[in-house]
Structures are given as C-alpha cells and as structure tokens.
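Undergrad: Have a look at this one.
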Amino acid sequence: MKKALAIAILFLATGQLFAQKVKLNSEKMNTSKEHYTFQLSDKVTRKKVSFKNRYGITLSGDLYFPKNAGTEKLSALAISGPFGAVKQQSSGLYANQMAERGFIALAFDPSYTGESSGEPRNVASPEINTEDFSAAVDFLGLQKSVDRNKIGIIGICGFGGFALNATAIDKRVKAVAATSLYDMTRVISKGYNDSVTLEQRTQTLEALGQQRWKDAEAGKPADGPRNLPEKLKGDEPQFVKEYFDYYRTPRGFQVNSVNSNGAWLVTNPLSFMNMPILTYVKEISPRPMLLIAGENAHSRYFSEDIFKVANEPKELIIIPNTVHVDLYDKVDVIPFDKLDTFFKEYLK
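According to mature numbering (1 follows the signal peptide of the UniProt record, and there is no 0), the sequence shown holds residues -19 to -1, 1 to 329 in order.
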C-alpha cells in the first residue's frame, strides 16, 4: 500500500512515475499533432479558436457547432480535462457529443499545455487553471450564436475540481458537471485517501525547496521524468495500468498530451500543497451540480465527499462496472443523454 501511494503521488505531482527515456512506436501511435482520438460527428462542425485568459495567456480551443442550428442563440458549454490531457482527447470527445445534442461546445487546452501558450511548459496551477474556465466563459459569451445567460461547464478528472472551483466564484456559470472528479489540491497535498503523514509532507516540501535552488542556479525549472513508460512491467498499481491503457495506447495517445508524451515540471506540486480549491463549493448553490463517477474508480471518493458537503441542487451518479478512465472516452457508458437533459433543464 505504501509503495502504491508513493507511486501515485509521484505520478500526479511531478511526473516521476518512471525515469527511463522512451521512444514512440510509430507503427502503433499516431504522432501527428493534429490527431484526434475520436471521429468528428457528421452532425457537427469543428473550428479552431483562441482566446486569452486574465493573465494574458493565449488558450487554444476547438469550437463545436451543431450543423442543424438555426438562427436562435444556443446554450454553450466550456469543457476541459483530464489533468494532463489536451483538447484532441476526452474534452473534444465530450464537446463533439454535446454539440450533437444541440449545444455549442468549446474544448480547450489549459494554460502552459498543448497548443496553449505560457512559459515554462507543462506546469499546472490551481488558480490559473480555474481562471482558464472563466476565460472560456468570456469567449463563449462573445459569440453571436451563444446566449451568454445559458453557459455551463464540464470538467473531467482534475479539471472537474477546477470546474467546480470556477463555478463557485463565477456566477455567470449556470450549471456545472464533473466526471471522474479529482481534487488535485487534496490528492497532491494529502495523497490518496488523505494518507500522507505530516512527516511525509514535510519531506516532500523540503525536497521541492532544494529543487528550487537547483532551478534557480540553472536559470530554468527542471522537467521531471516521463509520466508513463512505453511498456508496463506488470507490478504497477491497477489505476496506473488503467491510465496507461488510455494515454499510452492508440486508444487515447496524443503527442501534445503531458500524460501521453511528457512530464510535469519537478516543482509542479508547489502551488497545490497549500491552496485547497474547493473551500467554497457550497457557494455553487443555488446553481445545480452534477457529479458522475465510476463504480470501481479509484477516484470515486472525491465525488462522494464533495456531494456530501455541497448544497442542493446536486446529483451524484455512479456508473456500474466502470473505472476512472472509462469516463474519458467510452461513449457507451458515459451518460451523455443525462448530461444533455441536465444542461437543457438548467440552461434556460
């Protein structure tokens, strides 16, 4: 258990799950930066867009339109995640599905990752990634085809937590959904199931402090080793095998994705260690919240814990016989019809 916990913290926080350098197998992986891990619906149009957040970072997105839309302004959704993914992966798949159902949907790369700007590369921030959602709302609200009073957001995995955090402070967001929710500040600072001791936390912070000295001396922050290997050894925790099955196989590989093909900075955990993002989750109410988790997901407890403390209206759906990554791309188990009815009910 302790070994699994240590591996989990390293994977989530610093990308130091595996230190070996690996090469992509071009016969199995599509290494084009333009590769999408899903097929665009023939009922949907996709357009590349860009917009800036409050910090001047240019975010890259794909805007999905239903082809049968008339002249009436439509409801819109901003979608991002999972943590370490890009818009050609899960968020784009979600946007494609929701556009089929009549929404204008924006899938975007978070700051410092994918095709979005920001230096250094491959760094995450609880504050800036929360702001990314509000910037997406800004962009959607400026579109002539969008009713700015009918905007919701969907966050996947770690961006489920950022989506809830953004909704709590951004009253323009009328409804929020999170699938396979992670609270990244909680898991990085406390470990899975809050199992990190004060001694372990102190050791981590001391190591990160020493890394800052190294970065300062080098004049730039150091990249951690790769997140995931080319091949599994077989003794990894089950959830790591599940991540591998998505990010490092043709199923979900995308060359711009940190989890597919890169690593976070070594010091990436710092801002997550003492900035809890869901302190004001009760203030989402009276706007509605929908949480969706897999029955067998290692992350299920995040959704259950948030559901306990959030105010009404709220709903928690547990999808039978599914794990965390099943809700990334398995359209036969992701409850898109439920997402459709949820947003159509509340974006009005």
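Virtual Cβ for every residue (Gly too), placed ideally from N, Cα, C.
1) Taking the beta carbon of Glu8 as the centre, do at least 16 other beta carbons fall within 10 Å, making it buried, or is it exposed?
2) Quick check on this structure: which residue in Arg167, Ile132, Phe234 and Leu246 has the alpha carbon closest to the alpha carbon of Lys201?
3) Is there contact between the region 270 to 284 and the region 22 to 38, where contact requires at least three CB pairs shorter than 8 angstroms?
4) To the nearest angstrom, how far is it from the Cα of Ile(-13) to the Cα of Ile258?
5) Suppose the cutoff is 6 angstroms on Cβ atoms and the five residues either side in sequence are ignored; what does the same chain contact list for Val76 look like?
6) When you compare each of Glu296, Asp113, Glu223 and Gly142 to Tyr327 by their alpha carbons, which one comes out closest?
7) In whole angstroms, what is the alpha-carbon distance linking Leu40 and Ser98?
8) Would Ala117 pass as a contact of Gly136 if the rule is Cβ separation under 8 angstroms?
9) Hey, would you say Met254 sits closer than 8 angstroms to Ile169, going by beta carbons?
10) Between which two residues does the alpha helix (DSSP H) carrying Gly122 extend?
11) Just verifying my parser: in three-state terms, what is the DSSP assignment at Ile169?
12) Is the region 141 to 159 in contact with the region 105 to 123, if contact means three or more CB pairs nearer than 8 angstroms?
13) What is the DSSP secondary structure of Phe32, counted as helix, strand or coil?
14) DSSP beta-bridge partners for Leu271?
15) Pull up the distance between the alpha-carbon of Leu(-3) and that of Thr185, whole angstroms please.
16) Could you pull out every residue in the same chain whose Cβ sits closer than 6 angstroms to the Cβ of Glu264, ignoring the five residues on either side in sequence?
17) Measure the beta-carbon distance from Glu223 to Val306 and round it to whole angstroms, keeping in mind my assumption that it falls under 8 angstroms.
18) Among Leu320, Gly243 and Gly62, which has the Cα closest to the Cα of Tyr309?
19) Does the region 65 to 84 come into contact with the region 9 to 27, if we say contact requires no fewer than three beta-carbon pairs (one atom in each stretch) closer than 8 angstroms?
20) Using the rule of at least 16 other Cβ atoms within 10 Å of the residue's Cβ for burial, across every protein chain shown, is Met256 buried or exposed?
21) With DSSP as the reference, label Val239 as helix, strand or coil.
22) Do Asn208 and Gly172 have their C-beta atoms closer together than 8 angstroms?
23) With Gly141 as the anchor, note down where its alpha helix (DSSP H) starts and where it stops.
24) Run through the region 58 to 91 for me and flag every whole alpha helix (DSSP H) of 4 or more residues, listed as ranges in chain order.
25) From Ala203 to Ser266, what does the alpha carbon distance come to, in whole angstroms?
26) Identify, in the order they occur along the chain, each residue of the same chain with its Cβ nearer than 6 angstroms to the Cβ of Pro47, setting aside the five sequence neighbours on each side.
27) Can you pull the DSSP bridge partners for Thr26?
28) Classify Ser176 as buried or exposed, calling it buried when 16 or more other Cβ atoms lie within 10 Å of its own Cβ.
29) What does the Cβ neighbour count give for Asp164, buried or exposed, with the cut at 16 atoms within 10 Å?
30) Could you tell me the distance, in whole angstroms, from the CA atom of Phe234 to the CA atom of Pro269?
31) Is Asp321 helix, strand or coil when you go by DSSP?
32) Tell me Ile38's beta-bridge partners as DSSP assigns them.
33) If the criterion is Cβ atoms closer than 8 angstroms, does the pair Gly133 and Lys155 meet it?
34) When we look at the beta-carbon of Thr322 and count the other beta-carbons within 10 Å, is it buried (16 or more) or exposed?
TA: By the coordinates alone:
1) Along the sequence shown, one-based indexing puts residue 8 at 27. Confidence at Glu8 is low in this model, with a pLDDT of 45, below 50, so its placement is unreliable and no value can be given for it.
2) Along the sequence shown, read from residue 1 onward, the residue named residue 201 stands at position 220. If we check each option's Cα against that of Lys201, Leu246 comes out closest.
3) no
4) On the sequence shown, residue -13 is found 7 positions in, with the first residue counted as 1. On the sequence shown, residue 258 is found 277 positions in, with the first residue counted as 1. For Ile(-13), the pLDDT reaches just 46, beneath the cut-off of 50, and the residue's location in the model is therefore unreliable, leaving the point undetermined.
5) Start at 1 with the first residue of the sequence shown, and residue 76 comes out as number 95. The sequence shown places Ala at residue 76, rather than the Val named in the question. Tyr45, Ile60, Ala86 and Ala88.
6) For this step, residue 327 is matched to residue 346 along the sequence shown. Checking every option, the nearest Cα to that of Tyr327 belongs to Glu296.
7) As a working mapping, residue 40 is identified with position 59 in the sequence shown. As a working mapping, residue 98 is identified with position 117 in the sequence shown. So the alpha carbons of these two residues sit roughly 6 angstroms apart.
8) Position 136 of the sequence shown, counted from the first residue, corresponds to residue 117. Position 155 of the sequence shown, counted from the first residue, corresponds to residue 136. Their beta carbons are not under 8 angstroms apart, which means Ala117 does not touch Gly136 by this criterion.
9) Locating residue 254 in the sequence shown gives position 273, where the first residue counts as 1. Locating residue 169 in the sequence shown gives position 188, where the first residue counts as 1. Result yes, Cβ atoms of Met254 and Ile169 sit closer than 8 angstroms.
10) Sequence index remark: in the sequence shown, residue 122 carries index 141 (1-based). Run containing Gly122: Pro107 to Gly122, per the alpha helix (DSSP H) assignment.
11) Locating residue 169 in the sequence shown gives position 188, where the first residue counts as 1. In the structure shown, Ile169 sits in a helix (DSSP, three-state: H, G or I).
12) yes
13) What you label residue 32 is simply residue 51 of the sequence shown in a count that begins at 1. Phe32: strand per DSSP, three-state reduction.
14) As a first step, residue 271 must be located in the sequence shown, where it is residue number 290. BP columns for Leu271 point to Ala158 and Glu296.
15) The residue given as residue -3 occupies position 17 in the sequence shown. The residue given as residue 185 occupies position 204 in the sequence shown. Low confidence applies to Leu(-3): its pLDDT is 41, below 50, so where it sits in the model is not reliable enough to give any reading.
16) Stepping through the sequence shown from its first residue, residue 264 is reached at position 283. Here the set comprises Ala149.
17) Counted from its first residue, the sequence shown places residue 223 at position 242. Counted from its first residue, the sequence shown places residue 306 at position 325. About 5 angstroms separates the two Cβ atoms, so the contact holds.
18) Working through the sequence shown from its first residue, we reach residue 309 at position 328. Comparing Cα-Cα distances from Tyr309 to each of Leu320, Gly243 and Gly62, the minimum goes to Gly62.
19) yes
20) As a first step, residue 256 must be located in the sequence shown, where it is residue number 275. Exposed: under 16 other Cβ atoms inside 10 Å.
21) The residue given as residue 239 occupies position 258 in the sequence shown. Val239: helix per DSSP, three-state reduction.
22) As a working note, residue 208 is residue 227 in the sequence shown. As a working note, residue 172 is residue 191 in the sequence shown. No; because the gap between Cβ atoms is not below 8 angstroms, this pair is not in contact.
23) Taking the first residue of the sequence shown as position 1, residue 141 is located at position 160. Where Gly141 is concerned, the enclosing alpha helix (DSSP H) stretches over Gly139 to Ile150.
24) 71 to 81
25) Your numbering for residue 203 matches position 222 in the sequence shown. Your numbering for residue 266 matches position 285 in the sequence shown. Distance between the alpha carbons of Ala203 and Ser266 is about 41 angstroms.
26) Here residue 47 refers to the residue found at position 66 when the sequence shown is read from its first residue. Correct list, in chain order: Ala80 and Gly83.
27) Counting from one through the sequence shown, the residue named residue 26 turns up at place 45. Answer is Phe46, bridged to Thr26.
28) As a working note, residue 176 is residue 195 in the sequence shown. Counting Cβ neighbours within 10 Å, Ser176 comes out exposed, since fewer than 16 surround it.
29) Within the sequence shown, numbered from 1, the residue matching residue 164 stands at position 183. So Asp164 counts as buried.
30) Against the sequence shown, residue 234 aligns to sequence position 253. Against the sequence shown, residue 269 aligns to sequence position 288. Going by the C-alpha atoms only, they are around 33 angstroms apart.
31) Within the sequence shown, numbered from 1, the residue matching residue 321 stands at position 340. Three-state result, Asp321: helix.
32) What you label residue 38 is simply residue 57 of the sequence shown in a count that begins at 1. BP columns for Ile38 are empty, so no partner.
33) Stepping through the sequence shown from its first residue, residue 133 is reached at position 152. Stepping through the sequence shown from its first residue, residue 155 is reached at position 174. Yes. Within cutoff.
34) Sequence index remark: in the sequence shown, residue 322 carries index 341 (1-based). That one is exposed.
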